[in-house]
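As numbered in our numbering, residues 300 to 526 make up the sequence shown, in order. To start, the structure itself, in structure tokens.
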Amino acid sequence: MTTILITGANRGLGLGMAKHAAARGYTVIGTARNPGSAEGLNAIASRVEKLDTSDHGSIDALAQTLGDIPIDILVNNAGIFPHECDDINDFDTEAFERVMRVNTLGPILTTRALMGNIARSVRKLNISITSNLGSITDAAKGEMGFVGYRASKAALNMANATIAHQLKDRGITSVVIHPGWVQTDMGGPQAPLMPDESTGSILDTIEKITAKDNGRFLDYKGDTLPW
Ligand SMILES: NC(=O)c1ccc[n+]([C@@H]2O[C@H](COP(=O)([O-])OP(=O)(O)OC[C@H]3O[C@@H](n4cnc5c(N)ncnc54)[C@H](OP(=O)(O)O)[C@@H]3O)[C@@H](O)[C@H]2O)c1
300 MTTILITGAN RGLGLGMAKH AAARGYTVIG TARNPGSAEG LNAIASRVEK LDTSDHGSID
360 ALAQTLGDIP IDILVNNAGI FPHECDDIND FDTEAFERVM RVNTLGPILT TRALMGNIAR
420 SVRKLNISIT SNLGSITDAA KGEMGFVGYR ASKAALNMAN ATIAHQLKDR GITSVVIHPG
480 WVQTDMGGPQ APLMPDESTG SILDTIEKIT AKDNGRFLDY KGDTLPW
């Protein structure tokens, strides 16, 4: 049976992916900062584990708890979008450090902590949820705003492109996926996509990924995005 571990699975896209994965018969391990209050996740996941991806000790503790179990698909999903570092004219340094810690360093350290578990599995997939806002090509066309968030996702994309080569000898395939602009707490009510549609398509795309896709930047439908 396929085991999927999703970070930040208590709400938003993480919970949506967990629901689709459970409905498809996967063994779902969902993480949350507060597992006790993650009612929706507790109702569908095989296991709910505590994880704060901004805390190195928390990541190490999760790896200890999981031990040697194989993880077919790791989804680094947990993320934040603090608007206090959107604009260099009014820029909060602490918010920038926070977004880099959660959106970039968190996935790197979680992958590092669990890469042995992924290597021990059948599917061997290391997936990170990124954003099209991390595309330097798009930003260079003159799209405005979001300095901190864009930098954190561009850095995540670069980390993945590099890690993809560092882990391929262990049979691990590493891919970043943009979920679309989705109506979650982060995406807001104006977003054109509903979480159920985005997360179902993300799972469809993940199911089609092979070793040939290693290092790619895809959207939820499986189309390639510009770096
Ligand atoms: N929604 C969109 O339109 C959109 C577009 C592009 C990319 N994305 C990306 O998709 C991912 C999910 O976004 P979303 O829309 O579902 O956001 P969301 O509704 O705000 O949910 C964010 C999730 O991340 C968790 N999280 C935040 N900081 C964490 C930390 N330090 N440690 C562990 N978990 C943490 C939250 O847990 P708590 O409940 O404890 O805060 C929550 O489960 C993010 O990486 C985001 O950047 C979203």
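The beta carbon of each residue, even a glycine, is placed where N, CA and C say it ideally should be.
I think residue i touches residue j, with their Cβ atoms under 8 Å apart; what is that distance to the nearest whole Å?
i    : j    : result
S353 : R400 : 5 Å
N402 : K452 : 6 Å
I407 : I370 : Wrong, their Cβ atoms sit about 16 Å apart, outside the cutoff.
L345 : I328 : Checking the displayed sequence, the identity of residue 345 turns out to be Ser instead of Leu. That belief holds up - the Cβ atoms of S345 and I328 are roughly 6 Å apart, short of 8 Å.
T302 : I358 : The pair is not a contact, with the Cβ atoms about 18 Å apart (cut-off 8 Å).
L361 : T330 : 7 Å
G479 : Y448 : With 8 Å as the limit, G479 and Y448 do not qualify as a contact, their Cβ atoms being about 16 Å apart.
P334 : K318 : That pair is no contact at about 17 Å.
Which residues share a DSSP beta bridge with residue i?
i    : result
N375 : S427
H477 : D518
G329 : I305, V347
D386 : D389
L365 : DSSP output for L365 lists no bridge partner at all.
T509 : According to DSSP, T509 bridges with nothing at all.
T523 : L517
For residue i, count neighbouring Cβ atoms within 10 angstroms of its own Cβ and tell me buried if that reaches 16, exposed if not.
i    : result
S500 : buried
A439 : exposed
N513 : buried
H464 : exposed
P277 : Only positions 300 to 526 of the chain appear in this structure, which leaves residue 277 out of reach.
N388 : exposed
S336 : exposed
V481 : buried
V347 : buried
V398 : buried
D468 : exposed
Residue i and residue j: beta carbons closer than 8 Å?
i    : j    : result
T326 : V374 : no
S434 : P491 : no
L304 : S497 : no
F380 : M300 : no
F516 : N456 : yes
V446 : D391 : no
L432 : M316 : no
M414 : I368 : no
L314 : A308 : yes
Would you say the stretch 330 to 345 touches the stretch 504 to 523, given that touching needs at least three Cβ pairs under 8 Å? no
Kindly confirm or deny that the stretch 416 to 435 and the stretch 463 to 477 touch, where touching means at least three C-beta pairs closer than 8 Å. yes
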